[in-house]
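Chemist:
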Amino acid sequence: MNKEQLSSFKQQLMAQRSDMLAHLVQLRGGAVGRAQASAEHFGEAEDTRAQRVTERDLEFALDDHESAALSQIDAALARLEAGVYGECMDCGSKIALARLQATPQAMRCIACQEKFERDGVPSRM
Ligand SMILES: [Zn+2]
């Protein structure tokens with residue numbers, strides 16, 4: 000895999016990640032909106048608190064499915080940083096480019112993924 004491909008996967012993953020977070024902020028917009036509304040009512044201290052709703056707070060609010068999807072993206076980004084992106088985490092062989100293009104966060108080759116799904120072998124992570 001060349002640098003251009005790597006950086007395009009990185010962009011895809013970053014975009015997916017921020018899309019997902021933006022979507023979640025929207026889903027939970029009600030809560031943040033109420034915090035802001037009460038800030039106007041109660042003054043500056045509350046306002047500061049509302050502004051401290053960070054990405055990390057949001058991650059705590061995710062359900063299992065959401066945080067699993069997010070951590071897959073994070074793991075793929077970490078593998079990219081570590082220079083092992085595109086290698087199967089089970090057998091170490093290269094993951095097909097078409098598979099990565101369809102699923103940039105894929106961490107196993109198709110054979111290992113099928114085996115993983117069939118046998119439920121716990122991942123090394
Ligand atoms: Zn494999």
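Quick note on numbering: the sequence shown equals residues 0 to 124 in numbering that gives the first Met the number 0.
Backbone N, C-alpha and C define an ideal beta-carbon position, used for all residues, glycine too.
These numbers were taken from a predicted model, which means no experiment stands behind them.
Would you check whether ligand 1 has a heavy atom nearer than 7 Å to the C-beta of D18?
Modeler: Start at 1 with the first residue of the sequence shown, and residue 18 comes out as number 19. D18 Cβ: outside cutoff for every heavy atom of ligand 1.
Chemist: Starting from the C-beta of E65, find all residues in its chain whose C-beta is less than 8 Å away, skip the five residues before and the five after it, and write them out in chain order.
Modeler: Within the sequence shown, residue 65 is the residue found at index 66, counting from 1. So the qualifying residues of the chain are M19 and L23.
Chemist: So if DSSP puts E86 in a beta bridge, which residue, or which two residues, is it bridged to?
Modeler: By 1-based counting over the sequence shown, the position of residue 86 is 87. Paired residues: K93.
Chemist: In whole angstroms, what is the alpha-carbon distance linking Q104 and L26?
Modeler: If you number the sequence shown from 1, residue 104 lands on position 105. If you number the sequence shown from 1, residue 26 lands on position 27. Going by the C-alpha atoms only, they are around 23 Å apart.
Chemist: Does DSSP put L61 in a helix, a strand or coil?
Modeler: Your numbering for residue 61 matches position 62 in the sequence shown. Note: L61 maps to coil in three-state DSSP.
Chemist: What does the shell around ligand 1 hold, if a residue joins when its beta-carbon is under 5 Å from any heavy atom?
Modeler: Per the Cβ criterion, the list is C87, D89, C90, C108 and C111.
Chemist: In angstroms, rounded to a whole number, what distance separates the CA positions of G85 and S6?
Modeler: Taking the first residue of the sequence shown as 1, we reach residue 85 at position 86. Taking the first residue of the sequence shown as 1, we reach residue 6 at position 7. Near 12 Å, if we compare the C-alpha coordinates of S6 and G85.
Chemist: Can you look up C108 in the DSSP assignment and give me helix, strand or coil?
Modeler: Stepping through the sequence shown from its first residue, residue 108 is reached at position 109. Of the three classes helix, strand and coil, the one that applies to C108 here is coil, per DSSP.
Chemist: With 16 as the cutoff for other CB atoms within 10 Å, does L76 come out buried or exposed?
Modeler: Translated into positions along the sequence shown, residue 76 becomes position 77. So L76 ends up on the buried side.
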